[in-house]
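Undergrad: Protein chains in written order, with full-length UniProt numbering: chain B, 1 to 341; chain A, 1 to 1327.
Can you read through this structure? Questions will come right after.
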Amino acid sequence: MSLAVRDLKTLSKIKHYYGFKYVLNPAVNEAILEKLQLEKTYGNRARWKVLDLYPGPSQQAALFYNRYKPGQYAMMESRPDFFQHLSQEFAESPLEIYNKDPYEWSSYVDLIDRSQAFVPEKQSLDHINDKFLCLANLTSTGHEGLLMQWYACIGNRNWIQRFGRVKMLLWVPTTAAIKLLGVPGSLSRSKCSVVREAFTETKLVATSDTKEIKQFDSSVMHANNPIIFSNKDVWPSREKGISLLEVDPKAHDIDLDNWEYVTKHLLILKKTPLLEALDSLGHGGKDYFKSKIEDKELLRKTPGELTNDEFIYITGLFANWPFKPDIYMDFVDIYQEESIM
Amino acid sequence: MLRSFSRSACRVTAIQRRFITSKGSKLLKPASDTHMSMESSQNSLGAHGGLDFMKSSQISMSPGFDPYDMSHASAVKSMTQSRDVMQLWSLLEACLYSKYMKRAFSILQSLYLVGPHRHYFIDDYNMYLASYVENGFAKSIADLDRKLSDDLQNSFPACEYNDKTLSIMIHNALRSEEVNDSVLRSINTYLKMNMKGIKSIISHVDVLTVRDYEILLGELKVIKSSDIPDATRVLVEKNISARQPASADEEGQESPVLNRTNTLNDKRSAPSRVEDLTKGIEPAKMAELEVESSISLDEAVQSLEKDAAKLTAVDTLGMRVVRHTLLGLDLNEKQREKIAQFHFKAEENLLNLDQKSSIDFFEIYRSLKSDAERAKFDEILESFNQERQKALENRATDAAKERWKHDFEEARARGDISIEKRLNVKLWKWYNAMLPLLKEEVKNSAEVMSGKVKNSTKRLSQEEIKQNRARLDYGPYLQLVEPEKMCVITILELLKLNSTGGVIEGMRTARAVISVGKAIEMEFRSEQLLKNESQLFKDVNKKSHEFKKYVQRAKSKFRSYKIEESKVVWPQAARAKIGSIMISMLIHVAKVDLEGIDPVTKQKVYGEAPAFSHGYQYHNGSKLGVLKIHRSLIQQLNGERLIASVQPQLLPMLVKPRDWKNWKSGGYYYNQSSLIRSKDSPEQMAYLKAVSDANAIDTVYKGLNVLGETAWTVNRKVFNIMSEVWNSGKDFLDIPGIQEKLELLPPPPRDADPSVHREWKLKNKELANKFSSNRSIRCDSNYKLEIARAFLGEKFYFPHNLDFRGRAYPLSPHFNHLGNDMSRGLLIFWKGKRLGPQGLTWLKVHLSNLFGFDKAPLVERISFAESHLEDIRDSAENPLNGKGWWLKADKPWQALATCIELNEAYKLENPEDFISHQPVHQDGTCNGLQHYAALGGDIEGATQVNLIPNDRPQDVYSHVAKLVQARLEAAAAKGDEQAKVLRDKITRKVVKQTVMTNVYGVTYVGATLQIEKQLSNIFDDRKYSLELSKYLAKHVFAAVRELFHGAHLIQDWLAECANRISKSIRLDVDEKSFKNGNKPDFMSSVIWTTPLGLPIVQPYREATKKQVTTNLQTVFISDPFSVNPVNARRQKAGFPPNFIHSLDASHMLLSAAACGDQGLTFASVHDSYWTHACDVDLMNSSLREQFIKLHEVDLIERLKNEFDERYKNYVQIARIDRRSVLARRIIDIRSKLSKELGRPATLADEIYMEKKRSQLLESQSLEDQEKGKQMVTTVSVVETISNLKELETKKTDGSALMILVPMKLPEIPPKGNFDVQDLRNSRYFFS
DNA sequence: GAGTTTCCTAGGGACAATATCATTAACAGAGGA
DNA sequence: TTCTCTGTTAATGATATAAGTCCTAGGAAGGCT
């Protein structure tokens, strides 16, 4: 049996979209699925488990299910209007709806560990998990933080990523996609793009035809050749567009704590020559690294031009620095004191 | 009685008066002139209880006076100009001091171009000219003549010289080698050129030196002795007679200064303004008296000291006199010996504790037997302290440096090379490393500025070019203070800022750079005063003691003259730039030695690292520049006494503060402080200046001076106990214990659930927070204790100034009587008074109050103390090892002090004979509510807060608690779960703080937190208790509202007024305010005048901050001169409490003045008033009288009149239904207007139209008035409508029409029947 | 159908700061009229 | 000589940063009496 696929006109009647955006043109969604060629990764459909976070109007879910009929398709949605919509839509279908907030970490513990309602297979780190796929929509600007944390979870191997290298298909605001896909030396190079580089292989699958897409690095557009759909297919449609990312986690053995400290601090001074920037890592940083780094060419580069491998190299030196600062004291507590009588 | 009846009478008079004054003043005159003209009519104005309100409010509302609240465009223009002017001034000043005359001249040219400033331009030119002369650029008299005429005719044609210019010319003429005929001719010409009389020329003591006066008077005989300003005159005459003993008599006869008619031109030299130390005595007489006594002393010194066997050498004669006088007192042997050995070196820094062989002045003073002896002692101590104060204020940095050097040399002598070197040794090394670097930089920037380095001539790298460009910016400021001093300042500032701003082991960069810049500026200012001083007095014969007094007096006069004159402050950006230069140099050179473990080899490694490191940290995604201090240094700092780094401007004073005479003259001697500390609000400053110049706030000065006159000393017994506790390092009462270093929790495994990571982060933040707040409390306590230690046995004073609402605060922030229980416990009055019967009982009451037992009738409180006599004795004699009864008090340290005092008294046969120094406090019952009750005439409220006589004091808090209880019962009965949980938990303590702060406009959130603090003791679950607190806060608010209904009506009225004012538009706004469509920027802040005449301007505006590039990083600082829209929210929320505060401040100042008149020693903490135990009754009756005096007038009515007047013709925006008749008429008018304009009319156009109408209506000509009446504008249409309220709609969509309506303040709530006169018999009003 | 309740959203607040890029304004200099 | 155009630079404005997201007021809607 096939699930009904609602069109934009119908779905736009849902009252609240809670700041999220969805592509509601079935043709576009079909084209995307076509392009992804998920069947190559997920051979065993019957044991394939899909977790759909913030499914919203669920057009994509319906299309997905119709196309692949995975063994288990679970949706996590707690927003009243959407939950209600889903309840009606999929009452008689094999799709499972869980009234839990994907924002809460505890929702996953409940779903997976406590209730055992959705138990994915844990797989080793030498390949992408071929029984578990995660779909999510994080297109609300307010949820950008969550997106970044999910990326961090990939590095930490916790959250759903504890089941191995779980592929994720993420709808995100185009601005976030731009930030994540920044390459060394580009304008949009930032810490989160280094995170992306370190932990994942991320591809731009599709993006709306808004003007921000000029800011994607040309190499990205070239290599990923994304589907560019009309922003009119997005609901609710504003001037800012959304993009779909295909995230394939990588295995890594990075000394995370030190690496975080080093990248975070160096990238504040994106355009300052590395030698100078290194001084901001701690007392006497300049002298120490100058004595350790042989490659003077590297010292002339700026943090914004460094690749993750170079960051890892610097992290290694940092870790062996006898007088390195305490990286866990790296925060401030503003708003105390200041009470001048 | 109905309010409307009593309220209207006053209004008529106000308007009439305004009419009179507005006719009398000219529009374009500078504000101060306008006020002068008003002064003449002031006598008729003082109708209201003799307070200064009327006089002052009229000044600030006079037509010519409009400092800030003008139309947006003109405000922006004038403010940008005044900002430019400020910047130019500070640059000009800097250039002059560093002798860049060329650049200075070009700055002058820029200043000249600033139109509105033209009026004052001559002052700037004079400054330039004086510097030109002083630095010897004028080769001859003719040379300068040429320059002057050339400058004034060609460069600055619109500028005219004034008398000061002439005095500079004269000074220049007198500089020439010999004083011959041509000099005389020139001088005569100058004198003839006077604008306001010769006397006016001669009055410039800041230009003319004593020697100048001598020549003018003695040799050339071109001026009369009576023309010379008082303080200087005596000096000049004495000097002449010293030089020419033969003619001394002759001159002497001429000199008696009886001429009192010379006040016309120069107010400052008015003889009635007697110098600080000689209050009340005519100067000339005083001088005579002193000459006599000191001369005889001089002789006596010789004879007496011959006998003294082992006197320590004292070099100056003055100090010999001091010591001599001390020895002449009736002292015991031990004291004599101490004095004999004491150095009496004023230069010895008070803070150099280890080197100070201390002498307990207080102990000596207390042991004196007669009043006469005490008076003599006080006088001599004052003159010694005068010198010490000067040394303290001026030599702080040198003293620090000397100490470092000393320690360094000592260490070197010992051959000490251990890694843990003493801090001072390090500092000395840094200093020595930094100095050459700085000198080089000073030289470089000097070269850049003098144009020697051209970017084009030499091949410079991009960076050097950039650096040179920056040098052009900060260079001038770098030349002002000796490099040596700047180095010391930088080091001290950075150490002082350790662990501030929430940074764990360091500080915020932004704060650091500004602090350093500011400290350098401060140094420059006081140095500048000193330099000028020595320059002008260099020829004065200082050898004899007799002269010292005159010199001192003349200098002090000169100083306040100079302080008043200074108008420049360095722009924040300049401070930051200078600071960053200094800091980056220090970062470069300051190193610490380290040892650590190599993570790879696991070997011990040694190294060296910069002591400071610049980096960044994130907070919520925003970056924060931080300056980290190396951990090894932090550990050392914890153990050090950092007292030396406290700026002297932050310490109590050893002598009586300079009296407040003027809005920027008072307090410290070598540092300027302003009457009101309104952080960068030029708006309020402008108002303040105007009323101050018109002498409309003399009561304020008087009150403040009384506060400043109170002499204090440290309670040695309490200090010793505290010191013992402190040194144990354990936590005790509110002093946290020593904590080594911050231990954070280890991170959880990486693959733990994200929620675990989150928990870990939160916990660590909490730990860090706790750590640093403990650290800062301990550090602050350390400051207090160390300052107290330095001032042990000393007599000292707290100079006060006001916050923007008029509340008084001591200028010295660390240690003062406003501080916590600990500071208060340490302070006692210098002066002692016999307890007497009343005093003894009050002391007991005081103790009872300190225990929190303060709401019982006095008898019960007395018996409370009496029933604990044994505990008191135990606490006093065995504070740390006894039963520790005092520890149970609400305010333990003060309780301990009182226990000791009582115990001492009871040791006497008759305790009433005890001489007590302990301040006894009298606190109002929720002082804010007292004022509200008086304002609203609210009988029930008045009863609750003891305005109405009663035999038992009322306890508001218990009462509110009861009401809340009742509400909870009711709610619980309805099945409210939260109410059920809470109903038996409501105590007085739970609601107390909320009730108290409710008056002061505490927000819902704030109240919730307060209550949560109390509930957290009962409930463990933080979340749950927070929830309950929220619920309870609502009930407490409601209960207070119910109980003080009248107060809340007033409060709401005040808030609504503020709301409307801050959302109103002046008629002369322009389009710029309308830049975002129909949402104009509102510019009017709430302004009112306190009963004492102090104008208050609420400073809440939307701050605009900008990034400023400095050497280290950019810093984000706000520009105080930018014109910003008001922050309506804060204006509204702030006004009710601020208004009440301005009233309690007025009450305090009035009481202070009254108590001062009665000879009481008086101190106050806002609404807690202190005096000697024996004087409490006297003070109490004063407090009541002054409260009555304050509230006799209907203050609310008067406030409304003031508002109506000040905000007359303002309009506000309303929304009405588009379909109404009114709306249609308005649309009609608008379309007509559009047609006339040939474009769509905007709100701005409408306002312009309305402005024209109001101008016509207010015009003098009847014809114009008639025209105005005929005019139909969108506003005039609204005026005809009476049911506007009904038409208003809240809709924001198309159905609503935005219209302008005249701003109208709400009607005053009706006043109740309470008569404030009843207060006179209420003895629990303050208790 | 009026009023109450509930739920959403905006919007205020503390991106209570800083590096860097983009855009605009100002300015100087050259070249043409 | 004066004026206009163009290239350069200074000044100003905008945006991203990290990564658990605070709360409450106000308004619309929806479901109830």
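Think of the CB as a built atom: it goes at the ideal place given N, C-alpha and C, for glycine as much as any other residue.
Since Asn662 (chain A) sits in a beta bridge, which residues does DSSP pair it with?
TA: In DSSP, Asn662 (chain A) forms a bridge with A:Ser665.
Undergrad: Sort A:Leu1222, A:Ile1227, A:Gln1265 and A:Phe1325 by Cα distance to Asn1283 (chain A) and report the nearest one.
TA: Considering only alpha carbons, the answer is A:Leu1222.
Undergrad: Rounded to a whole number of angstroms, what is the C-alpha to C-alpha distance between Asn135 (chain A) and Met582 (chain A)?
TA: Cα to Cα, Asn135 (chain A) sits roughly 28 Å from Met582 (chain A).
Undergrad: Taking just the CA atoms, how far does Gly1159 (chain A) sit from Pro63 (chain A)?
TA: Residue placement at Pro63 (chain A) cannot be trusted, given a pLDDT of 48 that sits under 50; the coordinates are not used to answer.
Undergrad: Is the region 186–204 of chain B touching the region 302–310 of chain B, taking contact as three or more C-beta pairs under 8 Å?
TA: Contact between the region 186–204 of chain B and the region 302–310 of chain B is present, because at least three Cβ pairs lie under 8 Å.
Undergrad: Please state if the CB of Asn320 (chain B) and the CB of Pro610 (chain A) are separated by a distance shorter than 8 Å.
TA: Not in contact: Pro610 (chain A) and Asn320 (chain B) (Cβ atoms no closer than 8 Å).
Undergrad: Report the residue from B:Thr175, B:His222 and B:Asp209 whose alpha carbon sits nearest the alpha carbon of Asn231 (chain B).
TA: That would be B:Asp209, whose Cα lies nearest to the Cα of Asn231 (chain B).
Undergrad: Using the Cα positions of Ala73 (chain A) and Ser1085 (chain A), report the straight-line distance between them to the nearest angstrom.
TA: Here Ala73 (chain A) scores only 47 on pLDDT, less than 50, and its place in the model is too uncertain to base an answer on.
Undergrad: Could you check the C-alpha separation between Gln739 (chain A) and Phe771 (chain A) for me, to the nearest Å?
TA: About 8 Å.
Undergrad: Relative to the C-alpha of Asn715 (chain A), which residue among A:Glu901, A:Arg118, A:Ala1007 and A:Val691 is closest?
TA: Here the closest residue by C-alpha is A:Glu901.
Undergrad: Would you verify that the beta carbon of Ile504 (chain A) is, or is not, closer than 8 Å to some beta carbon of chain B?
TA: Chain B contact via Cβ: present.
Undergrad: In the DSSP assignment, what are the bridge partners of Arg1215 (chain A)?
TA: DSSP output for Arg1215 (chain A) lists A:Met1298 as bridge partner(s).
Undergrad: Going along the chain, which residues of its own chain have a beta-carbon closer than 7 Å to the beta-carbon of Pro892 (chain A), five neighbours each way excluded?
TA: The residues are Leu733, Asp821 and Trp886.
Undergrad: Could you tell me whether the Cβ of Ser106 (chain B) comes closer than 8 Å to any Cβ of chain A?
TA: Chain A, which has a Cβ nearer than 8 Å to the Cβ of Ser106 (chain B), makes this yes.
Undergrad: Mind pulling the chain A residues with CB within less than 8 Å of Ala319 (chain B)?
TA: Correct list: Pro599.
Undergrad: What residues in the region 745–756 of chain A bring their beta carbon closer than 8 Å to a beta carbon of chain B?
TA: Those residues of the region 745–756 of chain A that come within reach of chain B (Cβ to Cβ, closer than 8 Å) are Pro747, Arg750, Asp751, Ala752, Asp753, Pro754 and Ser755.
Undergrad: Taking 8 Å as the CB-CB cut-off, is Ala1145 (chain A) touching chain B?
TA: It does not: the Cβ of Ala1145 (chain A) has no partner Cβ on chain B nearer than 8 Å.
Undergrad: By the DSSP assignment, the beta strand (DSSP E) with Ile128 (chain B) in it spans what residues?
TA: Unbroken beta strand (DSSP E) run through Ile128 (chain B): Ile128 to Asn137.
Undergrad: Looking at C-alpha atoms only, which residue of A:Asn180, A:Asp1318, A:Ile380 and A:Ile465 is the closest neighbour of Asp938 (chain A)?
TA: Here the closest residue by C-alpha is A:Asp1318.
Undergrad: For the region 248–268 of chain B, enumerate the residues whose C-beta is nearer than 9 Å to any C-beta of chain A, in chain order.
TA: Listed by position, the residues of the region 248–268 of chain B near chain A (Cβ gap below 9 Å) are Leu256, Asp257, Lys264, His265 and Ile268.
Undergrad: Please state if the CB of His283 (chain B) and the CB of Pro325 (chain B) are separated by a distance shorter than 8 Å.
TA: Cβ atoms of Pro325 (chain B) and His283 (chain B): closer than 8 Å.
Undergrad: Tell me, which residues are paired with Ala1058 (chain A) by DSSP?
TA: Ala1058 (chain A) pairs with nothing; no bridge assigned.
Undergrad: Which one of A:Leu1092, A:Glu333 and A:Ser149 has the shortest CA to CA distance from Glu160 (chain A)?
TA: Here the closest residue by C-alpha is A:Ser149.
Undergrad: Restricting to Cα atoms, I'd like to know which of A:Glu877, A:Lys980, A:Leu184 and A:Phe1162 is closest to Gly832 (chain A).
TA: Answer by Cα proximity: A:Phe1162.
Undergrad: Any Cβ of chain B within less than 8 Å of the Cβ of Ala1153 (chain A)?
TA: No, Ala1153 (chain A) does not count as interfacial toward chain B.
Undergrad: Would a C-beta distance cut-off of 8 Å place Leu850 (chain A) and Ala895 (chain A) closer than the cut-off?
TA: Cβ distance < 8 Å, so Leu850 (chain A) and Ala895 (chain A) count as in contact.
Undergrad: Helix, strand or coil: which one does DSSP assign to Tyr618 (chain A)?
TA: Three-state result, Tyr618 (chain A): strand.
Undergrad: Report the start-end ranges of each beta strand (DSSP E) in the region 898–958 of chain A that is 3 residues or longer and not cut off at the edges.
TA: Listed in chain order, the complete beta strand (DSSP E) runs (minimum 3 residues) inside the region 898–958 of chain A are 919–923.
Undergrad: Asn129 (chain B) versus chain A: which residues are under 7 Å apart at the beta carbon?
TA: Per Cβ cutoff of 7 Å: no residues; Asn129 (chain B) is ~16 Å from chain A at best.
Undergrad: Secondary structure at Ile281 (chain A), three-state DSSP: helix, strand or coil?
TA: Residue confidence is low: Ile281 (chain A) scores 36 on pLDDT, short of 50, so the model does not pin down where it sits. No coordinate-derived value is stated.
Undergrad: Tell me whether the region 1160–1180 of chain A and the region 1099–1119 of chain A touch, counting them as touching only if at least three CB pairs, one residue from each stretch, are closer than 8 Å.
TA: As far as the Cβ criterion goes, the region 1160–1180 of chain A does not touch the region 1099–1119 of chain A, which means the pair count is below three.
Undergrad: Any contact of the region 111–121 of chain B with the region 42–56 of chain B, i.e. 3+ C-beta pairs under 8 Å?
TA: Because the criterion of three Cβ pairs below 8 Å is met, the region 111–121 of chain B and the region 42–56 of chain B touch.
Undergrad: Can you pull the chain B residues whose beta carbon is under 7 Å from the beta carbon of Ser613 (chain A), in chain order?
TA: Within chain B, the residues near Ser613 (chain A) are Gly282 and His283.
Undergrad: Identify the continuous beta strand (DSSP E) that holds Lys604 (chain A) and give its terminal residues.
TA: Residues Lys604 to Pro610.
Undergrad: If you draw a straight line from the C-alpha of Asp976 (chain A) to the C-alpha of Lys100 (chain B), how long is it?
TA: Their Cα atoms are separated by approximately 30 Å.
Undergrad: Under 8 Å, do Thr200 (chain B) and Pro249 (chain B) count as touching if we go by C-beta distance?
TA: A contact, by the Cβ cut-off of 8 Å.
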